[in-house]
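Structure first, then comments.
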Amino acid sequence: MPEALTNQPRIQPAPLAIVKVSAISFSIAIILLITAILPAEYGIDPTGLGKIMGLDRLNSAATQAQTELASSPSNPIGQIESTVSTLTAGRSELRSDTLKITLMPGQGAEIKAPMQLNDSFVFSWQAEGGSVSFDMHGDHPNSDGAFTSHESGEGQAGASGTFIAPFDGNHGWYWENEAGVPVEVTIRLHGFYGDLYMP
């Protein structure tokens, strides 16, 4: 059986067929070079097809980008890096706090901490026993009760994240127990902020 497979005649391509296929491939390559590559890459359009197909615009866009790069400072990345800081020094002392608040059904409670612009903390709070509605907010000094809401939600069991104070003032949360049973809210903070207080 293996002999039958190996004794089959091989079909050899004719030398003329190889020359013909090579000539066709070469012709297609020349046509693509003249009608597409030269207009798009080098702005040379001997047939005018590059302009008709819009390929000449590719070269003009590339030339414009090179001109803009050539006229820009030698190190634009360095300029960008110099305006972006990876370090924000806290003006308050670094601290950590954990606070537990028990809320009876329908009861609400608020905690706040004084913060300066760009002070920050990492936070996590969890409600055990039921869900709560919450509003994370801040108020400017002497704002007469007006506040800016940073985030709010209903039917929540917890949240965590990083907060960066967008202005000097007091920032914190208000929680309200939505459950028919007592709920304990535990909040953990770590960062730069003043003493926590309940207004």
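Mapping the sequence shown onto numbering that gives the first Met the number 0, position 27 (from 1) lands on 26, and the numbers just tick up by one.
Beta carbons: idealized from backbone N, C-alpha and C, even for Gly.
For residue i, which of helix, strand or coil comes out of DSSP?
i, result
"D118", "coil"
"T101", "strand"
"D143", "coil"
"T46", "coil"
"A126", "strand"
"S24", "helix"
"L37", "helix"
"R90", "coil"
"A16", "helix"
"I10", "coil"
"E150", "strand"
"V182", "strand"
Measure the beta-carbon distance from residue i to residue j and round it to whole angstroms, keeping in mind my assumption that it falls under 8 Å.
i, j, result
"S119", "F191", "6 Å"
"A156", "A126", "5 Å"
"H198", "G168", "According to the sequence displayed, residue 198 carries Pro and not His. That pair is no contact at about 13 Å."
"I186", "I110", "7 Å"
Use the C-beta contact count for residue i: other C-beta atoms within 10 angstroms, 16 or more gives buried, fewer gives exposed.
i, result
"T147", "exposed"
"I79", "Confidence is the limiting factor: at I79 the pLDDT is only 49, short of 50, which leaves the residue's position unreliable and the question unanswerable from this model."
"T46", "exposed"
"M114", "buried"
"I27", "exposed"
"T161", "exposed"
"V18", "exposed"
"I51", "exposed"
Sort out for me which residues DSSP pairs residue i with in a bridge.
i, result
"K212", "The structure shown does not extend to residue 212, since the chain is modelled only from 0 through 198, so no value can be given for it."
"R187", "T97 and S123"
"Q155", "V131"
With C-beta atoms as the reference, is residue i less than 8 Å away from residue j?
i, j, result
"E183", "G107", "no"
"M135", "S159", "no"
"G129", "E92", "no"
"L15", "A35", "no"
"I43", "L37", "yes"
"H189", "V131", "no"
"A112", "H149", "no"
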